[in-house]
Amino acid sequence: MNERGILERLFWRVGALLVIGYALLPVAWILALSLKPAAALGDGRFLPRAPSLEHYRAIFADAQFPAALLNSLGIAALATLASVLLGMLAAYAIVRLRFRGRSLVLGAALAIAMFPPVAVIGPLFELWRGIGLYDTWPGLILPYMTFTLPLAIWTLAAYFREIPWDLDQAARVDGATPLQAFRYVIAPLAAPGVFTAAILVFIFAWNDFLFAAALTSTNAARTVPAAIAFFTGSSRFELPTGSIAAASVVVTVPVTLLVLVFQRRIVAGLTAGAVKG
Amino acid sequence: MTTRRDPAEERLGWLLCTPAVLAMLLVTAYPIAYAVWLSLFRYDLRFPDERVFVGLANYASVLTSEVWWGALFNTLTITLASVALELVLGLALALVMHRVLFLRRTLRASVLVPYAIITVVAALAWKFAFDPVTGFVNPWFGTERAWLTERWSAFLVIILTEVWKTTPFMALLLLAGLTLVPRELLEAARVDGASAWQRFRRIQLPLLRPTLLVALLFRTLDAFRIFDTVFVQTRGAQGTETVSLIGYQTLVTRLNLGLGSAVSVLIFLGVLAIAAVFVKGLGASLSREGEAR
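Taken in sequence, the protein lines are chains X and L.
Residue 310 in our numbering sits at position 192 of the first sequence, and the numbers go up by one each step.
Residue 781 in our numbering sits at position 172 of the second sequence, and the numbers go up by one each step.
Encoded structure:
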């Protein structure tokens, strides 16, 4: 290999290392911070000198964080279930059936994807207080389901378009009942798409802060992002940095693992709509 | 094909779409209509019995307030700066991921990490990093600055956080676009003596154009709605308020539904305007492509 080729390869390798550092630096930082004992938080170093788990013990000893964790998990999971179910029905209709208003549904979904959530929090705040949904699980599940429907419909439609639906007919000809044809032929083909849509929707609901901050007020429904943002320390004047860092690590780990394990699916799902236009 | 319609199929189609459409109407269309209605009243939730119809007075007071224009300026500054940086950085990241075989899996996995992290957590991580007491930025760079207590350095931290969090999304979209560029085309250009820069500028970039516009549209709209990062890092102090933050504070903190709804409607119009500009650009680029074929 000539000198230029080696230099070029070196250039791209350094680039790759820089990219990895760029992506992981803040994560390493918050992890390091969460392991520093309270007295060492202000030592100006990156890594903890004597790692300690005191902040993790503190957040789980308090009632607020475990409650928020449970709310986040439950609300995000139920919103995902609802959104993917409704999205599946709509995406199936869009891909498989010819009916007026098909493009209307897709257009509406696109419009909502661009919709500013802050424009509806005022009315929702008042409505929810009127009908008793303020500070409840359904009060957050409903907006999450709606705002993730576009994502679910577009992702599912992109996957459903690739399914060879005629296989269903072939199975029927071979003597399978409609249910069997669905169960053994179509469902396994559709599963990866459904799964991808579910992960993307879950991440969206898990990440939201605006609705959680506006529509909840207590441990009854306050999710993790809102709980962390409004964390109060033992004294009013001190930001509980260590507890916040520990809580951040706890909520970051599961989703990061999910993303890393299903890396390929997520990348395919994220880019499905945009590239095929 | 399109003229012959089966009424049963038509009915089933609507039946299957109804739940999704209903949900979307219920939680977005109805509230935004209600917001338009509320914005015409003087309506403060602390004094709910004193609701008075005031016409466009709320809009007049928003549009004549310095706070609104300041917030709009801040929002546009953050949007322009972060989207421009994300575009350049995202393109660089996409090229690296496209070219490199070394550590490929680790590379692609780590790029997803910022995407997976909750925005509030990312904002806090960067806030602590720049904090003069707990942070590592000052010792590393030998500065002694309280970054989030001055306006422009606070903007810098906010923009950095946004860019860090969302560049991977941009990069992944652009990477998907890059893989669509035929390899033979690049090889042929290389044989003909085109430099790496020329190959990028004359072949990859033009073919990336549609993907680029879609990515830009989504990111610009997203950045315009910025809320989480600013709320966590400054709560709008030091003149860093954004339009979403003003909407939130008027509605939820001050419980002024009339005025807050006027702000919401104006933000909605802003988003529509941005989308219209992009859709026009996108349409023009697609039709130009059509002519070229």
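Just so you know, even glycine gets a beta-carbon here, dropped at the ideal spot from N, CA and C.
- DSSP lists L/R651 as the bridge partner or partners of L/V661.
- Rounded to the nearest angstrom, the gap between the Cα atoms of X/Y262 and X/A270 is 12 Å.
- Residue L/T715 holds the alpha-carbon nearest to the alpha-carbon of X/V379 among L/T715, L/L681 and L/S870.
- Not one beta carbon of chain L lies nearer than 7 Å to the beta carbon of X/G123.
- Put simply, the backbone Cα of X/T336 is about 29 Å away from that of L/P723.
- In this chain, X/Y252 is not harboured by any alpha helix (DSSP H), its DSSP state being neither H nor E.
- When 8 Å is used as the limit between beta carbons, L/F778 is near these residues of chain X: L388, in chain order.
- For L/N667, the secondary structure class from DSSP, reduced to helix, strand or coil, is helix.
- Using a Cβ-Cβ cut-off of 7 Å, L/A629 counts as an interface residue toward chain X, since at least one Cβ of chain X sits closer than that to its own.
- For L/P628, the closest of X/L153, X/D180 and X/L203 by C-alpha to C-alpha distance is X/L203.
- Interface residue (Cβ-Cβ distance to chain L less than 7 Å): X/V373 is classified as such.
- Among the residues of the region 334 to 352 of chain X, those with a Cβ less than 9 Å away from any Cβ of chain L are V342, P343, A344, I346 and A347, in the order of the chain.
- Across the set X/P282, X/F233 and X/I148, the C-alpha of X/F233 shows the shortest separation from the C-alpha of L/P640.
- Considering only L/G802, L/L649, L/L733 and L/K774, the residue with the shortest C-alpha distance to L/F662 is L/L649.
- Only residues of its own chain outside the window of five on either side were considered, and among them L864 and L866 have a CB closer than 7 Å to the CB of L/L654, listed in chain order.
- Taken through DSSP and simplified to helix, strand or coil, L/N865 comes out as strand.
- Sequence-distant Cβ neighbours of L/G786 in its own chain, meaning closer than 6 Å and more than five residues away, are L817 and T820.
- Every alpha helix (DSSP H) of 4 residues or more that sits fully in the region 257 to 292 of chain X is shown, in chain order, as 284 to 291.
- Along the region 680 to 714 of chain L, going in chain order, the ones with a CB nearer than 7 Å to a CB of chain X are L702, V705, R708, V709, F711 and L712.
- By the criterion of at least three beta-carbon pairs nearer than 8 Å, the region 121 to 130 of chain X is not in contact with the region 686 to 701 of chain L.
- Taking the Cα positions, X/R216 is about 28 Å away from X/L318.
- A contact between stretches requires three or more CB pairs, one per stretch, nearer than 8 Å, and the region 618 to 627 of chain L fails this requirement with the region 737 to 747 of chain L.
- For L/R834, the nearest CB of chain X lies under 7 Å from its own CB, placing it at the interface with that chain.
- If you check the CB distance, L/L704 and X/V385 do not come in under 7 Å.
- Collapsing the DSSP output to three states places X/K154 in coil.
- Look at L/S674 here: in three-state DSSP terms it is coil, with no helix or strand label.
- For the pair X/F329 and X/L258, the CB atoms are nearer than the 7 Å cut-off.
- Cβ proximity to chain X below 7 Å picks out S853, G856 and Y857 from the region 846 to 859 of chain L.
- Taking L/A642 as reference, the option from X/A208, X/V238, X/G225 and X/A157 with the minimal CA-CA separation is X/V238.
- Nearest CB-CB separation between L/D653 and chain X: not below the 7 Å threshold.
- Contact between X/F278 and X/G311 holds: their C-beta atoms lie close to 7 Å from each other, under 8 Å.
- Between the C-alpha atoms of L/L825 and L/F887 there is a straight-line separation of about 9 Å.
- When Cβ pairs closer than 8 Å are counted between the two stretches, the region 822 to 838 of chain L is seen not to touch the region 669 to 679 of chain L, the count staying below three.
- Between the alpha carbons of L/V720 and L/M706 lies a distance of about 9 Å.
- For X/Y252, no chain L residue has a Cβ inside 9 Å of its Cβ, as the nearest lies near 11 Å away.
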